[in-house]
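Enquirer: Structure below; questions to follow.
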Amino acid sequence: MNTSKPTVIILGASYAGLMACARLLHSKKPLNIIVIDGKSHFEQKIRLHETLTGQHTQTLALSPLLERRGVTFLQAYIEKLDIHNQQITLKDLPPLSYDYVIYALGSVPHQHIKGSAQFAHSLHNKQQVTSLESKIRTLAQQEGRIAVLGSGLTAIETCTELAATFPSLKISLISRQLKQTNLVEKAQSHLDKVLENYGIDRHQGTIQAISEQAVILADDQKIPFDLCLDCTGMVANPVARHSQLAVDEQGRLTVDGYLRLLGTNNVFVAGDAARSEINGELIRMSCATAMPMGAQAGINVAALINHRVLQAFNFGYFARFTSLGRKQAIVQFSDRADQSTRWVATDYLACLYKEWICKMTVAMIKWELITGLTLYFWSTSGVSTVVEPANQNR
Ligand SMILES: Cc1cc2nc3c(=O)[nH]c(=O)nc-3n(C[C@H](O)[C@H](O)[C@H](O)COP(=O)(O)OP(=O)(O)OC[C@H]3O[C@@H](n4cnc5c(N)ncnc54)[C@H](O)[C@@H]3O)c2cc1C
């Protein structure tokens with residue numbers, strides 16, 4: 346390895362980490378770029394509910410993809426980020442030193458309900474989800490019962506995908522609220538109709554605990570299951586906490602307007618792992634925000650190294666895409682501040698939109714890395730973001 350070049354280490358090779366790598370490669374100065382991930386392949390996390398039902402989803406082998414551009418890929422488990430000694434601690438490998446680091450370790454399921462870790466499963470990665478598939482297939486043959494917990498996008502996409510693929514399953518969707526906070530009436534009534542057509546049983550209540558065979562609600566009602574999927578939420582990757590870094594209640598690292606970890610000059614954070622605000626609003630964990638944050642983090646590290654001015658991260662929402670099985674979907678259009686508008690697409694058109702978005706995410710990452718061209722663009726908030734003056738020096 347040529348040590349005269351600055352070493353940039355990217356932690357995590359998913360939506361944020363790979364976009365960061367693609368934009369870092371635009372640097373005029375030569376760099377040693379090392380990307381580290383525990384997996385050998387980029388997996389489409391946004392399609393995990395499809396993997397769960399045995400459908401094929403595209404992956405990208407990281408080593409050939411990155412090494413053709415001179416980037417070193419290291420498949421390893423990251424234990425700690427030591428920002429004082431500028432080192433990454435890896436399991437069973439010697440530590441690595443860096444000049445700059447981009448932390449993009451994303452999120453993990455938040456299995457906070459009592460009994461969840463023991464008796465429920467969640468959608469975490471392809472290997473873990475694939476291991477559940479045969480059990481689900483067997484349950485479908487026996488008209489088994491699956492309880493899906495949560496009211497967010499992951500819970501809705503998971504229970505509808507299961508119902509559409511295995512109509513013999515008896516599926517319960519259990520959550521504190523029946524209505525989605527971010528859908529307008531037309532979208533909500535479409536969702537209600539689709540859930541009803543699939544025969545999904547909806548239970549409203551506060552989940553108190555999960556036992557071996559039942560979900561227990563606060564009013565002591567018990568909903569029996571053969572398999573329980575906890576989709577109640579995500580928290581940021583625990584590596585930040587294990588590294589003794591200050592994190593918020595969701596385990597995220599707070600960044601400045603340039604996506605730089607507060608109090609540092611050479612540590613950037615992107616994707617689900619970052620707590621970032623645009624015009625006073627917290628950015629939500631999503632693939633839609635992870636990709637532009639990753640790109641911006643890569644651009645800003647390259648800017649620092651090339652003695653250019655950093656750019657503040659600017660982002661505007663435009664829609665939420667929810668698949669409801671392969672033949673149904675809802676697209677709830679929003680304004681740039683993520684407030685729902687009256688515009689909604691459903692049925693065939695919404696399926697096309699959603700499928701196109703999923704395909705584009707992986708295509709953008711792949712082709713930016715292969716060609717070195719800027720192919721991916723994102724919408725901005727439309728308002729200039731005011732950020733604190735940055736210390737542009739390392
Ligand atoms: C079923 C499902 C459906 C979803 N659908 C949508 C959707 O339609 N739209 C949307 O916007 N969002 C969706 N999301 C959310 C979206 O997937 C995440 O917000 C997004 O993946 C965040 O990207 P990221 O790059 O920040 O992190 P992640 O995708 O979480 O990636 C983190 C990477 O870091 C690696 N890693 C983590 N810890 C370690 C370690 N200790 N050592 C080594 N490597 C490590 C992981 O292997 C992974 O590659 C969905 C999520 C799920 C689960």
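Residue numbers (the working numbering): 346 to 739. All C-beta atoms, glycine included, are put in the ideal place defined by N, C-alpha and C.
Is any heavy atom in ligand 1 found nearer than 7 Å to the beta carbon of histidine 548?
Expert: no
Enquirer: Quick check: what's the CA-CA separation for leucine 627 versus valine 654?
Expert: 24 Å
Enquirer: Run through the DSSP bridge pairs and tell me what phenylalanine 418 is partnered with.
Expert: Val380
Enquirer: With distance defined between alpha-carbon atoms, name the residue in Ile644, Ala500, Thr716 nearest to isoleucine 519.
Expert: The shortest C-alpha separation from isoleucine 519 is found at Ala500.
Enquirer: Taking buried to mean at least 16 other C-beta atoms within 10 Å of its own C-beta, is proline 734 buried or exposed?
Expert: Per-residue confidence for proline 734 stands at a pLDDT of 40, beneath the threshold of 50, marking its modelled position as unreliable; the derived number appears in the next sentence. Exposed: under 16 other Cβ atoms inside 10 Å.
Enquirer: State the DSSP-derived secondary structure class of histidine 535, mapped to helix, strand or coil.
Expert: helix
Enquirer: Helix, strand or coil for threonine 505? Go by DSSP, reduced to three states.
Expert: helix
Enquirer: Going straight from the alpha carbon of serine 442 to that of phenylalanine 666, what length do you get?
Expert: 40 Å
Enquirer: Assuming glutamine 641 contacts phenylalanine 658 under a Cβ cut-off of 8 Å, what Cβ separation, rounded to an integer in Å, is found between them?
Expert: 5 Å
Enquirer: DSSP on proline 409, reduced to helix/strand/coil?
Expert: helix
Enquirer: Looking at alanine 406 and glycine 639, is the spacing between their C-beta atoms short of 8 Å?
Expert: no
Enquirer: Does the distance from the C-beta atom of threonine 330 to that of histidine 386 stay below 8 Å?
Expert: No information on residue 330 is available, as it lies outside the stretch 346 to 739 that the chain covers here.
Enquirer: Comparing the CB of aspartate 680 with every heavy atom of ligand 1, is any distance shorter than 7 Å?
Expert: no
Enquirer: So does tyrosine 422 have its beta carbon nearer than 7 Å to some heavy atom of ligand 1?
Expert: yes
Enquirer: To the nearest angstrom, how far is it from the Cα of alanine 485 to the Cα of leucine 606?
Expert: 47 Å
Enquirer: For valine 676 and histidine 535, I'd like the C-alpha separation in whole angstroms.
Expert: 11 Å
Enquirer: Starting from the C-beta of glutamine 737, find all residues in its chain whose C-beta is less than 6 Å away, skip the five residues before and the five after it, and write them out in chain order.
Expert: Low confidence applies to glutamine 737: its pLDDT is 42, below 50, so where it sits in the model is not reliable, and the reading given next is rough at best. The answer is none, since no qualifying residue turns up.
Enquirer: Rounded to the nearest angstrom, what separates proline 569 and aspartate 546 at their Cα positions?
Expert: 12 Å
Enquirer: Are there any heavy atoms of ligand 1 lying less than 7 Å away from the beta-carbon of lysine 711, as far as the coordinates show?
Expert: no
Enquirer: Just to confirm my understanding: we take arginine 739, look at its own chain, exclude 5 residues before and 5 after, and list those with CB closer than 6 Å. What are they?
Expert: Residue placement at arginine 739 is flagged as unreliable, the pLDDT there being 33, under the threshold of 50; a coordinate-derived value is accordingly withheld.
Enquirer: Just checking my contact of leucine 494 with cysteine 366 at CB under 8 Å: how many whole Å lie between their CB atoms?
Expert: 35 Å between Cβ atoms; not a contact.
Enquirer: Could you work out which residue in Gly362, Ser349, Val353 is closest to glutamate 713 when comparing CA atoms only?
Expert: Gly362
Enquirer: Return yes when the Cβ of cysteine 632 is within less than 8 Å of the Cβ of tyrosine 445, no when it is not.
Expert: At the C-beta level, tyrosine 445 and cysteine 632 stay beyond 8 Å of one another.
Enquirer: Which residues bound the beta strand (DSSP E) around alanine 573?
Expert: Per the sequence shown, the amino acid found at residue 573 is cysteine instead of alanine. Its beta strand (DSSP E) spans residues 572 to 575.
Enquirer: Among Lys538, Asn527, Thr483, which has the Cα closest to the Cα of serine 513?
Expert: When the alpha-carbon of serine 513 is set against those of Lys538, Asn527, Thr483, the nearest one is in Thr483.
Enquirer: Within the present structure, is the beta-carbon of methionine 630 separated from the nearest heavy atom of ligand 1 by less than 7 Å?
Expert: yes
Enquirer: Considering phenylalanine 688, what are the terminal residues of the alpha helix (DSSP H) in which it resides?
Expert: Just to set this straight, residue 688 is tryptophan in the shown sequence, not phenylalanine. First-last for tryptophan 688: 685 to 691, but that is the beta strand (DSSP E), not the alpha helix (DSSP H).
Enquirer: Touching or not, the segment 408 to 426 and the segment 584 to 592, by the rule of three or more beta carbon pairs under 8 Å?
Expert: yes
Enquirer: So what does DSSP say about phenylalanine 666, is it helix, strand or coil?
Expert: strand
Enquirer: Taking the CB atoms as reference points, tell me whether phenylalanine 464 and isoleucine 555 lie closer together than 8 Å.
Expert: Cβ atoms of phenylalanine 464 and isoleucine 555: closer than 8 Å.
Enquirer: Please list the terminal residues of the continuous alpha helix (DSSP H) segment that includes proline 637.
Expert: 632 to 650
Enquirer: Pull up the distance between the alpha-carbon of isoleucine 391 and that of asparagine 470, whole angstroms please.
Expert: 10 Å
Enquirer: Could you check what DSSP says for threonine 434 in three-state terms: helix, strand or coil?
Expert: Strand.
Enquirer: Report yes if the C-beta of aspartate 617 is less than 7 Å from at least one heavy atom of ligand 1; otherwise report no.
Expert: Yes, the beta carbon of aspartate 617 sits closer than 7 Å to at least one heavy atom of ligand 1.
Enquirer: Identify the continuous beta strand (DSSP E) that holds histidine 548 and give its terminal residues.
Expert: For histidine 548, the enclosing beta strand (DSSP E) begins and ends at 546 to 549.
Enquirer: Give me the DSSP bridge partner(s) of leucine 562.
Expert: Ile552
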